[in-house]
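Quick note on numbering: the sequence shown equals residues 607 to 769 in the numbering used here.
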Amino acid sequence: MAVSSTPMNLTRAAHVGISVSDLDASIAFYTALTGREPVAEGTMHSVPFGGSQGLPVAKLRYATINLDNSLGIDLIQFQEPVGERTNGVANRPGSMHLCLRVDDFDAVYRRMREAGYEFLGEDYTFIEGEVTPSDALGTQVAYFNDPDGTNLEIIRPQGGFAS
């Protein structure tokens, strides 16, 4: 697909949509993760809306959880058509992740491990020679998945990652 280099100036995110297999389980997971209850829950059944997503129809249940910076997490369970799990491993083109910023990384990481969250690997702190710009040194990260395998990250950013 050839796309024009003309700037579209899309600079504010409204929400991230995450397709889930079990809305109730995902609401429980994201409510525990964020400490927030859904601000909206509902259903939709529409052929035109499905068409807008390249689907023959969209019959779904959804819930929205809002974060402090006004970013919404839209959890969407498609009932028709039901999709297959993507298994979006981090290095696969097209996969994405939702990154959640924390202030006290060590305390949050420890609390999450104690609560049963399974991380994909050990937590990591960026060191000299591995990342540029050098003012990003000291950034701490850890990666984990939601119940459907969506990639999630916690970060305590420094320097170049602290936007």
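Glycine included, each C-beta is placed from N, C-alpha and C at the ideal position.
Keeping to the same chain, check which residues put their C-beta closer than 7 Å to that of residue i; ignore five residues upstream and five downstream.
i: V695; result: S701
Excluding sequence positions up to five away, which residues of its chain have a Cβ less than 6 Å from the Cβ of residue i?
i: Y715; result: D729 and A748
i: G678; result: H621, T670 and N672
i: E647; result: A669
i: C705; result: E759 and I761
Secondary structure at residue i, three-state DSSP: helix, strand or coil?
i: E759; result: strand
i: L639; result: helix
i: A721; result: coil
i: D709; result: coil
i: V622; result: strand
i: R698; result: coil
i: S754; result: What sits at residue 754 in the sequence shown is Asp, not Ser. Here D754 sits in coil by DSSP.
i: G678; result: strand
i: V663; result: coil
How about residue i and residue j: are their beta carbons less than 8 Å apart?
i: I760; j: T745; result: no
i: F684; j: L666; result: yes
i: I682; j: I624; result: yes
i: E686; j: V653; result: no
i: N693; j: G755; result: yes
i: M650; j: Y636; result: no
i: A753; j: A631; result: Looking at the sequence shown, residue 753 is not Ala but Pro. Contact: yes.
i: E720; j: F750; result: no
Should residue i go down as buried or exposed, given a rule of 16 or more other Cβ atoms within 10 Å for buried?
i: S740; result: exposed
i: P699; result: exposed
i: G641; result: exposed
i: L616; result: exposed
i: L726; result: exposed
i: G657; result: exposed
i: M570; result: Examination of residue 570 is not possible in this model, given that the chain is present from 607 through 769 alone.
Tell me which residues share the same chain as residue i and place their Cβ nearer than 8 Å to its Cβ, disregarding the 5 neighbours each side in the sequence.
i: P763; result: R707, A742, T745 and S769
i: D680; result: H621, V622, G623, I624, Y668, A669 and T670
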